[in-house]
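Some notes on the structure that comes next.
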């Protein structure tokens, strides 16, 4: 067996990405109606995740569904397109609760401002501490956009509820988890525009240890990379790697917890080589997350049309990879190309930040919808989203995926609710 520190990352190759095609109905988000509802008209709402176990399953707390969201006050940013596009400069983590997983009440800010080591709070994961009744850990990205500084971090609190709602206590301090090391992942000295964010912790069923996925970049400077056969893959005759391919340097990173999870000590981690790299293909692999299903390991990540490089194209959406040999791979792209769910070409920016749970439910937010009759790539008028999209469901079948269900806007399904119902197992069948 090759050790986790000696292996090479799997490559999402240029040849793989050439297989990406929009508007396959099995891998395309449904078109959203122009009259979609808004969950919270006081806040912009984007990256979102349900309260879950560190083993992945979405859970409720005392009968309440709970989710965190990146939010910004519309009154502060401006309730218009300019405000929406400037939202990250005002982002903080809020939370919502619901009795039915559909109708949501805003509970307030999750982290106390005393926990903020930097001005902004970006995406991560809200986890019920294993072995505790109400301790929760918010893994998130501590960000200073002025100096392009982002550090995966964690703050701990407790969750409480009664018949009237849900609230949290604690979250008064933050622990920095790890930083880009310049060896496995690019850091600021190598690339001033490096990405390093979106922590997703999990227990690896193969060894029982805690690991954390995150978005990173291949170490080095964008534009200076040489694309080799390993990154190119099996290209068709006459194909020439496009100019600018060396600017795509995304990586799905992983680190192993060295300090004690049981004691809530997240201060020491071992940085490991990336699981998947997209050198020559794409420059972003945001919000990476993992699903273990039927003996296979599925990695999911989100990416943009605009971050493809070298003339390659693909829709905004969620992409994925599968391993038959556990978390350390090797991985091959799902559906041959990597595309799991993309936006339709008639609404190329309608949704983003898709998160796939172990039951196959996929949550995302609405970005922008073009007005009917306009060019979807450059609409004269469009409706801003800033709210959650319809939840959809996919089936995982070996190395393929299929869109099979569409549900309500922002709807969450909880694994523990199913477990108490004696209904058939809701996880994707194969």
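Residue numbers (my numbering): 640 to 1069. Ideal Cβ positions, reconstructed from N, Cα and C, are used throughout, including at glycine.
DSSP beta-bridge partners of residue i
| i | result |
| --- | --- |
| residue 912 | Answer by DSSP bridge pairing: none, since residue 912 is not bridged. |
| residue 865 | Note: residue 865 sits in no beta bridge, so no partner. |
| residue 890 | 855 and 916 |
| residue 1036 | 1039 |
| residue 900 | Looking at the DSSP assignment, residue 900 forms no beta bridge with any residue, so it has no partner. |
| residue 840 | 851 |
| residue 1029 | 1048 |
| residue 812 | Answer is none; residue 812 lacks a bridge partner. |
| residue 767 | 692 and 775 |
| residue 875 | Per DSSP, none; premise fails for residue 875. |
| residue 806 | 799 |
| residue 753 | Its beta-bridge partners do not exist; DSSP assigns none. |
| residue 791 | 780 |
| residue 1022 | 1008 |
| residue 748 | 733 |
| residue 761 | 780 |
| residue 880 | Beta-bridge pairing links residue 880 to no other residue. |
| residue 938 | 929 and 960 |
| residue 895 | 850 and 909 |
| residue 921 | 947 |
Buried or exposed by the 16-neighbour rule on C-beta atoms within 10 Å, applied to residue i
| i | result |
| --- | --- |
| residue 1007 | buried |
| residue 1035 | buried |
| residue 1051 | buried |
| residue 1013 | exposed |
| residue 938 | buried |
| residue 647 | exposed |
| residue 1069 | Confidence at residue 1069 is low in this model, with a pLDDT of 42, below 50, so its placement is unreliable and the value that follows should be read with caution. When all chains shown are included, residue 1069 counts as exposed. |
| residue 760 | buried |
| residue 878 | exposed |
| residue 822 | exposed |
| residue 782 | buried |
| residue 862 | exposed |
| residue 772 | exposed |
| residue 776 | buried |
| residue 716 | buried |
| residue 1045 | exposed |
| residue 1029 | buried |
| residue 948 | buried |
| residue 1020 | exposed |
| residue 673 | exposed |
| residue 737 | buried |
| residue 640 | Residue placement at residue 640 is poorly supported in this model, since its pLDDT is 41, which falls under 50; the coordinates are not used for a value here. |
| residue 1001 | buried |
| residue 802 | exposed |
| residue 739 | exposed |
| residue 649 | buried |
| residue 899 | exposed |
| residue 904 | exposed |
| residue 691 | buried |
| residue 1010 | exposed |
| residue 968 | buried |
Expected contact under 8 Å - CB spacing of residue i and residue j to nearest Å
| i | j | result |
| --- | --- | --- |
| residue 838 | residue 791 | 4 Å |
| residue 687 | residue 872 | That pair is no contact at about 34 Å. |
| residue 756 | residue 807 | Rounded, the Cβ-Cβ distance is 19 Å, inconsistent with contact. |
| residue 981 | residue 744 | Their Cβ separation, rounded to whole angstroms, is 32 Å, which puts residue 981 and residue 744 out of contact at 8 Å. |
| residue 924 | residue 854 | 6 Å |
| residue 818 | residue 926 | Incorrect: roughly 19 Å between the Cβ atoms, too far for contact. |
| residue 780 | residue 789 | 5 Å |
| residue 858 | residue 825 | 5 Å |
| residue 941 | residue 992 | 6 Å |
| residue 1033 | residue 675 | With a Cβ gap of about 21 Å, residue 1033 and residue 675 do not count as contacting. |
| residue 754 | residue 797 | Not quite, the Cβ-Cβ distance comes to about 14 Å (not below 8 Å), so this is no contact. |
| residue 1054 | residue 929 | That pair is no contact at about 16 Å. |
| residue 746 | residue 734 | 5 Å |
The ligand ATP heavy atom lying under 7 Å from the CB of residue i
| i | result |
| --- | --- |
| residue 1007 | This structure lacks the ligand ATP; in fact it carries no ligand of any kind. |
Contiguous alpha helix (DSSP H) assignments of at least 4 residues, all confined to the region 646 to 730: As summarised for the region 646 to 730, the continuous alpha helix (DSSP H) elements at least 4 residues long and confined to that stretch are 653 to 656, 713 to 716 and 720 to 724, given in chain order.
Looking at C-beta atoms only, is the number of pairs between the region 673 to 687 and the region 657 to 664 that lie closer than 8 Å three or more? Segments in contact, no.
Quick one: any contact between the region 949 to 957 and the region 981 to 993, if contact means 3 or more CB pairs under 8 Å? Yes: at least three Cβ pairs fall under 8 Å.
Whether or not the region 823 to 835 and the region 958 to 971 are in contact is what I'm after, with contact meaning three or more pairs of Cβ atoms, one per stretch, closer than 8 Å; do they touch? As far as the Cβ criterion goes, the region 958 to 971 does not touch the region 823 to 835, which means the pair count is below three.
Quick check: the region 843 to 855 against the region 886 to 894, are there 3 or more CB pairs under 8 Å? Verdict: yes, contact present.
Any contact of the region 697 to 711 with the region 727 to 738, i.e. 3+ C-beta pairs under 8 Å? Two segments are said to touch when three or more pairs of C-beta atoms, one from each, lie closer than 8 Å; by this definition the region 697 to 711 touches the region 727 to 738.
Within the region 955 to 1002, note down every full beta strand (DSSP E) run reaching 3 residues or more, in order along the chain. The qualifying runs are 956 to 962, 970 to 972, 978 to 981 and 990 to 995.
At least three beta-carbon pairs within less than 8 Å, the region 763 to 770 to the region 691 to 701: For the pair of segments examined, the region 763 to 770 was found to touch the region 691 to 701: the number of CB pairs separated by less than 8 Å reaches three.
Is the region 993 to 1002 close to the region 961 to 972, with three or more CB pairs under 8 Å? Cβ pair count under 8 Å is below three, so no.
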